[in-house]
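**Student:** One structure, pasted below without further comment.
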Amino acid sequence: MEVDRRAFLRRTGGAATVTAIAGCTGDGDGDDDGDGGGGDNTTTGGDDSSLTIGVLLPFSGNYGWVGANVLPVVNMVVDEINEQGGIDGRQVSVVQGDTEASPDAAVSATDRLVNVENVDGVIGPTSITMSAVIDTLIENEVPVITPTAGTTSLDDRGGDYVFRTVSSDSLGGRAIAKAARDQQYNSLEDYERMALMVGNKEVFQSFKEPVRSSLKEFGGTVTTALDIRTGKASYSSEVQQMMESDPEICVLIASVEDSVKITEAGYQASYEGNWFVTQDQTNQDFLSQSENQVTNDVLGLNAAAYQSAQSAGRLDEFFEAITDYAGWDKGAKIFATNTYDAMNVMGLAMKQVAASSGDLTGPNVADAISTVATPPEETVTAYTAGASAIESGSDVDYEGLVGPINFDENGDIVAPFSIKIAQDGEWTEAGRLPPEAL
Amino acid sequence: MGLDTFLQAVVSGLIEGSVIAVGAVGLTLSYGVTRFINFAYGEFLTYGAYLTVFLAGGLFGVSLPLPAAAVVATVVVGALGVAVSRTFFEPISDRGALPLLITSIGVSFILRNLLQGWVGVDARQLPIPLLRRQDYFGLFRLTHLELGVIAASVVTMLTIHLLLQRTMLGKRMRATSGNRSLAKTAGIDTTSVIRQTWFLSAAAGALAGVLYAVLFSPFRPGVGFEYLIVIFAATLLGGIGRPYGAMLGAFCIGLAMNFGSTYLSANYTRAYAFLILVGVLLLKPEGIRGGEF
Chain A
1 MEVDRRAFLR
11 RTGGAATVTA
21 IAGCTGDGDG
31 DDDGDGGGGD
41 NTTTGGDDSS
51 LTIGVLLPFS
61 GNYGWVGANV
71 LPVVNMVVDE
81 INEQGGIDGR
91 QVSVVQGDTE
101 ASPDAAVSAT
111 DRLVNVENVD
121 GVIGPTSITM
131 SAVIDTLIEN
141 EVPVITPTAG
151 TTSLDDRGGD
161 YVFRTVSSDS
171 LGGRAIAKAA
181 RDQQYNSLED
191 YERMALMVGN
201 KEVFQSFKEP
211 VRSSLKEFGG
221 TVTTALDIRT
231 GKASYSSEVQ
241 QMMESDPEIC
251 VLIASVEDSV
261 KITEAGYQAS
271 YEGNWFVTQD
281 QTNQDFLSQS
291 ENQVTNDVLG
301 LNAAAYQSAQ
311 SAGRLDEFFE
321 AITDYAGWDK
331 GAKIFATNTY
341 DAMNVMGLAM
351 KQVAASSGDL
361 TGPNVADAIS
371 TVATPPEETV
381 TAYTAGASAI
391 ESGSDVDYEG
401 LVGPINFDEN
411 GDIVAPFSIK
421 IAQDGEWTEA
431 GRLPPEAL
Chain B
439 MGLDTFLQAV
449 VSGLIEGSVI
459 AVGAVGLTLS
469 YGVTRFINFA
479 YGEFLTYGAY
489 LTVFLAGGLF
499 GVSLPLPAAA
509 VVATVVVGAL
519 GVAVSRTFFE
529 PISDRGALPL
539 LITSIGVSFI
549 LRNLLQGWVG
559 VDARQLPIPL
569 LRRQDYFGLF
579 RLTHLELGVI
589 AASVVTMLTI
599 HLLLQRTMLG
609 KRMRATSGNR
619 SLAKTAGIDT
629 TSVIRQTWFL
639 SAAAGALAGV
649 LYAVLFSPFR
659 PGVGFEYLIV
669 IFAATLLGGI
679 GRPYGAMLGA
689 FCIGLAMNFG
699 STYLSANYTR
709 AYAFLILVGV
719 LLLKPEGIRG
729 GEF
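Going down the list, the protein sequences come from chains A and B.
Using the working numbering, you'd call the opening residue of the first sequence number 1 and step up by one each time.
Using the working numbering, you'd call the opening residue of the second sequence number 439 and step up by one each time.
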């Protein structure tokens, strides 16, 4: 980052940290219960002429950790934008909309952001509530960049107003099938017979078809595909049913809590196959709730560090900055890097519109989102450098922390995947899947 | 799905029935003498499970062995039951069943939210080893812990049976249940009997919570309230206010839930209990055991 980060943090860190984490008391690393509260508070003040960014995510309930992970990163970038004099002389403010990870709450939070707060852009929502709010956002021409929604329901809806800086579950599901089939990616064996156990919510179901169809394409067999009701006390019957289909590996797409119950039920029933879990469970939370004898050799999908950002030291720089800013104990929290990219692109798009003397309307900003992240223009990796380049008349191509951030016609990006393997309570990398392997 | 699947469903049904039975007996005991359905009863399960987790996990500065933690938690929750009764229910005990029932819903919210405010909504589990199921006679499989749950339930049932049939307290309880004013006229201190019954009821609820936590981890503060519907179903099936009926009803519900999960769909486990509840209310509201206390 070209801005003097330490000086910047000295100037903004203290007060901004307080506002950034106000109402988000959880530590937000995925094991937080999410009772952050205060989900509808304005966290960064602004006047009538300010531009408003709505953060439309769960800030309370079981998924409250998502909002807690995302909001400080949004605030950090917004502070950087305001330090640079704002956009077109207008300061940027942030407003929270608490979806509570519930479609009903998401609809009212969206209505408030769109009709009362008149937001100029939205960061969010998650897959759980995307279907409930996408029509409202598109009809009201609100530019949206979500760092958190991999849902396949967005595969053919994005590209005009809705973009994302997280891989589609279509790609994630394909990665699971590919990694399971090929020992070079999972370090264990070429699995051929695969069962699927999928939670009966959109956020989980979204993975099902991509895994199933990709596995067939890669020469594997789906022994059974079970939809399971989330939040049950016991999954013994479901596990028994899965075992009767005699798979070599079972792809488990469910919440951490249900996954703990299911893998333990498998252990108790002497299940001899392996498990493959998604990004939702490939974290310390899952391993710390289970015993090592249950989780050893379990495979997990994760977003891989973007090589270019890592070798340039940008990832470490970001982790250090956000750790200082938000008072976190670690910077590498789920969705943090995706959010950094989303907010930088949003800011640069607004800057681009302002620089070309256009009105900062939804359609103009949405058009500019692709423009500021498309090669082969001048590569920039942070808002300050990008804004300077735009002011000097250059077109920019934002390169992010999770990948090169080149949106396709559906507003999707491609990013590398990492295949993890659980060993003695820790995740280690078993292999890496570049997008071209898919 | 052959004989082994059938037998495994029977065994799983009996295991879950054991938990339900302890809970249902506790609920029905308090109904027997108070004559109102206590919606706060589920919280006794929750408090039992959480207190055991904390006592065994060293939260209060001591780390008790699990059985000792369970016993202490059961006694503490029993005392909590008496305190709840004296604070919320005794002052309005002469106003009929409906105010008591509504109050119990409020008490349930208070207890649940107090716990949430204290410990949060994070999932918790008991510090017990994860065991593989052992084969028994080549017919069915279960873990030593599951065997322990059945044993604990049987011992509890026998204890309650002996208490009701062989002790003076049991006789007073049965007398109070049968006709409170007559019992009072006969010189029984019914207020004391009701308090003792509250203790037993809450303690049984706490023990059911511990047994539930042994089988079904991790759990959250809503666990007892959510399980209440299953306990209601068993209690009504057996005939509310009748401990032996509750025991029988519990095993029927446990078996129905596991047969339904095995042979119909595992997604509706508790719906089978609910179906039975509705069926009983429609067809035989006095329960399968229409006899005496």
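Beta carbons are placed, not taken as given, at the ideal position from N, Cα and C, and that holds for glycine.
Could you tell me the distance, in whole angstroms, from the CA atom of A/N41 to the CA atom of A/L401?
**Tutor:** Confidence at A/N41 is low in this model, with a pLDDT of 41, below 50, so the placement of that residue should be treated as unreliable; the coordinate-derived value is given next. Distance between the alpha carbons of A/N41 and A/L401: 29 Å.
**Student:** Based on the DSSP output, what are the partners of B/R570 in its beta bridges?
**Tutor:** Paired residues: none, contrary to the question.
**Student:** With H, G and I counted as helix, E and B as strand and the rest as coil, what does DSSP make of A/I413?
**Tutor:** In the three-state DSSP reduction, A/I413 falls in the coil class, being neither helix nor strand.
**Student:** Nearest to B/A651 by CA position, among A/W427, A/T52 and A/S234, is which residue?
**Tutor:** A/S234
**Student:** Taking the alpha-carbon positions, what's the B/M606 to B/V514 distance?
**Tutor:** Using only the alpha carbons, I get a separation of about 24 Å.
**Student:** In the DSSP assignment, what residue or residues form a beta bridge with A/F276?
**Tutor:** A/V251 and A/L299
**Student:** If we count Cβ pairs, one from each stretch, closer than 8 Å, do we get three or more for the stretch 668-675 of chain B versus the stretch 568-583 of chain B?
**Tutor:** no
**Student:** Considering Cα atoms alone, identify which of A/V239, A/A415 and A/E139 is closest to A/D227.
**Tutor:** A/V239
**Student:** Count the CB pairs spanning the stretch 145-155 of chain A and the stretch 77-89 of chain A that are closer than 8 Å, and state whether there are at least three.
**Tutor:** Not touching, per the Cβ criterion.
**Student:** Cutting at 8 Å between CB atoms, please list the residues of its own chain near A/N200, excluding the five before and the five after it.
**Tutor:** Correct list, in chain order: D227, I228, R229 and T230.
**Student:** Our contact map puts A/A447 next to A/F407 with C-beta atoms below 8 Å; I'd like the distance itself, whole angstroms only.
**Tutor:** Nothing in the structure corresponds to residue 447 of chain A, since chain A is present only between 1 and 438.
**Student:** Have a look at the DSSP bridge pairing and note the partners of A/E378.
**Tutor:** According to DSSP, which records beta bridges pairwise, A/E378 is partnered with A/V396.
**Student:** Give the straight-line distance between the Cα atoms of B/I598 and A/Q241, rounded to the nearest whole angstrom.
**Tutor:** 38 Å
**Student:** For B/F657, list the residues DSSP reports as bridge partners.
**Tutor:** B/R562
**Student:** Anyone know if the C-beta pair for B/L568 and A/E291 falls short of 8 Å?
**Tutor:** yes
**Student:** I believe A/G403 touches A/Y306 by the beta-carbon criterion, under 8 Å. Please report the beta-carbon distance rounded to the nearest angstrom.
**Tutor:** 5 Å
**Student:** Considering only the alpha carbon of each residue, which of A/L71, A/E244 and A/T148 lies closest to A/M194?
**Tutor:** A/E244
**Student:** Suppose the cutoff is 7 Å on Cβ atoms and the five residues either side in sequence are ignored; what does the same chain contact list for A/R212 look like?
**Tutor:** L196, V222 and A225
**Student:** Name the DSSP beta bridge partners of A/I421, please?
**Tutor:** A/L299 and A/T428
**Student:** For B/I588 versus B/L452, is the C-beta distance shorter than 8 Å?
**Tutor:** yes
**Student:** Looking at the C-beta of A/Q241, does it have a partner C-beta in chain B at a distance below 8 Å?
**Tutor:** yes
**Student:** Cutting at 8 Å between CB atoms, please list the residues of its own chain near B/L715, excluding the five before and the five after it.
**Tutor:** Within the same chain, I667, F670, A671, L674 and L675 come within 8 Å of B/L715 by CB-CB distance, once the 5 residues on both sides are set aside.
**Student:** Please return the same chain residues whose Cβ sits closer than 7 Å to the Cβ of B/V460, not counting the five positions on each side in sequence.
**Tutor:** S591, T594, A642, L645, A646 and L649
**Student:** Please report how far the alpha carbon of A/Q445 lies from the alpha carbon of A/V198, in whole angstroms.
**Tutor:** Chain A is shown from 1 up to 438; residue 445 of chain A falls before or after that span and cannot be answered.
**Student:** If you compare alpha carbons, which of A/Q183, A/L56 and A/N296 is closest to A/A149?
**Tutor:** A/L56
**Student:** Thinking C-beta only, is A/K178 closer than 8 Å to A/L433?
**Tutor:** yes
**Student:** Under the three-state reduction of DSSP, which class applies to A/A225: helix, strand or coil?
**Tutor:** strand
**Student:** So within the stretch 200-244 of chain A, which uninterrupted beta strand (DSSP E) runs reach at least 3 residues, ignoring any that extend past its ends?
**Tutor:** Correct list: 221-228.
**Student:** In chain order, which beta strand (DSSP E) runs of at least 3 residues are fully inside the stretch 91-133 of chain A?
**Tutor:** 92-98 and 121-123
**Student:** Using the Cβ count rule (16 or more neighbours within 10 Å means buried), how would you classify B/W543?
**Tutor:** As written in the sequence, residue 543 of chain B is Ile, which differs from the Trp given in the question. Flag for B/I543 reads exposed.
**Student:** Could you confirm whether any beta carbon from chain A is found closer than 8 Å to the beta carbon of B/A561?
**Tutor:** yes
**Student:** Is the separation between the beta-carbon of A/P58 and that of A/E100 shorter than 8 Å?
**Tutor:** Result yes, Cβ atoms of A/P58 and A/E100 sit closer than 8 Å.
**Student:** Count the other CB atoms within 10 Å of the CB of A/S288; is the residue buried (16 or more) or exposed (fewer)?
**Tutor:** exposed
**Student:** Where does A/L196 sit, in a helix, a strand or coil, going by DSSP?
**Tutor:** Three-state DSSP puts A/L196 in a strand.
**Student:** By Cβ distance, which residues of its chain are closer than 6 Å to A/V203, with the 5 residues on each side in sequence left out?
**Tutor:** S127 and I128
**Student:** Just verifying my parser: in three-state terms, what is the DSSP assignment at A/A373?
**Tutor:** strand
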